[in-house]
Amino acid sequence: MDRAGLITLEQARAAGLSFDEPEPRACPHCGAALDPLGAALAGKVAWVSAAPCPCEGAASEREAEARRRAALAAKEEAVRREKALSRAGIPRRYWAAEADRPELAEYIASFAGNGGAGLYIHGGVGAGKTHAASAVARLFAEAGYEVAFTTAKGMLERVKATFDEGGTEAAVARYAKCDVLVLDDLGKEDATEWSVGTVFSVLDARYEDMRPTIVTSNYAPGALADRLARRGERVTAEAIASRISQTCRPVYLGGRDRRRLG
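Per our numbering, numbering through the sequence shown is continuous, rising by one, with the last residue being 983.
In structure tokens form, the structure reads like this:
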């Protein structure tokens, strides 16, 4: 047997297989005769190709073809990656974000067996919360997980936009049922009865199904309930904070505003 299970003329003769004499083939670079290669089908050999020529010209052609295929594969992978990140909703600015903090690396390494645990990334304006969340989300999206990246305000606006279309349940389900949800800037949205209730519905569904959620906020864990309850929705706001505290590991990002550096 030769490459990929093919057999040579000599092997076909030695095995006593039936075959028609193969058409002679020559190397287009040096003119040398090429050994035919065939496949045994129902006891008869069908000649399908020829052995590669070892000459320099043929070797150069094979190398060029290998480079072409590698470039094509890289292009296809880049397209697949771009589609995955775009579908996930990760902002293009952060498509190259790196999970370069120990807390993020540890979370990613333990993700498969963490029982649906998430992250609560908090800190001041420009501390790098969205960058950090995007870095984690990017890796999951590239690995094939269904990721939904959205600001809390954006999620609510998309759900609200379905009121007249009858698709509210499906809109909520996208965030409640995806493998990984990134809820960016929680606490910036209007704290109405409906908005607080909708955020709780999503987070509670994910809590029950043990689906991980990554939340970013300007507010420390102990201050989140007060922020969400600023218009009186205290019970639901505290329920949201409770769900987050039960399922999300806190990650504090301090330091100067990254947007002003440089």
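Yeah, the Cβ is synthetic: ideal placement off N, Cα and C, and Gly gets one too.
Only a predicted model underlies this, so the values are computations on that prediction, with no experimental measurement involved.
In this structure, the alpha-carbon of G839 lies about 58 Å from that of A767. Runs of the beta strand (DSSP E) lying entirely within the region 892 to 930 and spanning at least 3 residues, in chain order: 901 to 905.
Distance from the Cα of Y815 is smallest, within the candidate group F921, L806 and P823, for L806.
Secondary structure note for F870: its beta strand (DSSP E) is the uninterrupted segment V868 to T872. DSSP places P942 inside the alpha helix (DSSP H), whose first and last residues are P942 to L949. Each residue's CA atom was taken as its position, placing A960 and P812 some 29 Å apart. Buried is the label assigned to G908, since at least 16 other Cβ atoms lie within 10 Å of its Cβ. By the Cβ criterion, the region 884 to 895 is not in contact with the region 825 to 842, since fewer than three pairs of Cβ atoms, one from each stretch, lie closer than 8 Å.
Counting only the Cα atoms, L727 lies some 13 Å from L738.
Spatial neighbours of A858 in its own chain (CB-CB distance under 8 Å, excluding positions within 5 residues in sequence) are listed in chain order as A809, I811, V868, F870, V901, V903 and I935. Residue range K850 to E863 is occupied by the alpha helix (DSSP H) that includes S855. Counting along the chain, S966 sits inside the alpha helix (DSSP H) bounded by residues R955 to T968.
Assigned with DSSP and collapsed to three states, R746 falls in strand. In the structure shown, S831 falls within a coil segment according to DSSP collapsed to helix, strand and coil.
In the DSSP assignment, V766 falls within the beta strand (DSSP E) that extends over K765 to A771.
Residue pairing from DSSP leaves T889 without any beta-bridge partner. Nearest to R801 by C-alpha distance, out of G875, S938, P971 and A862, is A862.
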